[in-house]
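A.B. asks: This is the structure, below, for whatever I ask next.
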Amino acid sequence: MSSDYDRPRADADATACSYTDYETKDHVADDVPATGEDADGIERDVWAALYQVEDPEMPVSIVDLGLIYGLDVSDGAVTVDMTLTYSGCPAREIILDEVEEAAESVDGIETASVRLVWAPDWSIDLVTEQGKEALRDFGMSFDG
19 MSSDYDRPRA
29 DADATACSYT
39 DYETKDHVAD
49 DVPATGEDAD
59 GIERDVWAAL
69 YQVEDPEMPV
79 SIVDLGLIYG
89 LDVSDGAVTV
99 DMTLTYSGCP
109 AREIILDEVE
119 EAAESVDGIE
129 TASVRLVWAP
139 DWSIDLVTEQ
149 GKEALRDFGM
159 SFDG
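The working numbering puts the first residue of the sequence shown at 19, with every later residue one more than the last.
Here it is as structure tokens:
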């Protein structure tokens, strides 16, 4: 299924914003979006916390928007792989801070970090059915 999301990429010679510290990996290995539906224990608790983080511009969970591509919990630390709706997102720092804070609020998690993932590219196809319903309630319309 992940091959369904392989799309043309932006200019390979493009440079990142000079004021942003990027920690990225090229491509996620698993199907996206990740929703944590099969998680249990502390990982399930982290997913529950991430569902509480909403996009700053609309009342929709970042998980339901399809921004979370996965997470790894190990020895009290969690790394969240996520993307943004576009690389120049003006709310980037707000979202990244809220994701780290939400993950660190879980009992048993001492540190959290976010790794931005830019492939596959985010699209409306990654929004969950709950997310699409929330977007409709917010007044957005789209095919799908």
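For every residue, glycine included, the Cβ atom is placed at its ideal position computed from N, Cα and C.
Determine the DSSP secondary structure at residue 87, reduced to helix, strand or coil.
C.D. replies: By one-based count along the sequence shown, residue 87 stands at place 69. Correct three-state label for residue 87: strand.
A.B. asks: If you run the structure through DSSP and keep just helix, strand and coil, what is residue 128?
C.D. replies: For the purposes of this step, residue 128 is taken as residue 110 along the sequence shown, with counting starting at 1. If DSSP states are grouped into helix, strand and coil, residue 128 belongs with coil.
A.B. asks: Please classify residue 95: does DSSP put it in a helix, a strand, or coil?
C.D. replies: Numbered from its first residue, the sequence shown carries residue 95 at position 77. DSSP places residue 95 in strand when its eight states are reduced to three.
A.B. asks: Which residues bound the alpha helix (DSSP H) around residue 65?
C.D. replies: For the purposes of this step, residue 65 is taken as the residue at position 47 of the sequence shown. Segment 59-69, the alpha helix (DSSP H) holding residue 65.
A.B. asks: Is it the case that the Cβ atoms of residue 96 and residue 121 are separated by a distance below 7 Å?
C.D. replies: Translated into the one-based positions of the sequence shown, residue 96 becomes position 78. Translated into the one-based positions of the sequence shown, residue 121 becomes position 103. Yes, these two residues count as a Cβ contact at 7 Å.
A.B. asks: Taking the alpha helix (DSSP H) that residue 18 falls in, what are its first and last residues?
C.D. replies: No information on residue 18 is available, as it lies outside the stretch 19 to 162 that the chain covers here.
A.B. asks: What separation, rounded to the nearest whole angstrom, lies between the Cα atoms of residue 147 and residue 67?
C.D. replies: Position 129 of the sequence shown, counting from 1, holds the residue named residue 147. Position 49 of the sequence shown, counting from 1, holds the residue named residue 67. Taking the straight line from one Cα to the other gives about 19 Å.
A.B. asks: If you pair each beta-carbon of the segment 94-109 with each one of the segment 147-157, do three or more pairs fall below 8 Å?
C.D. replies: no
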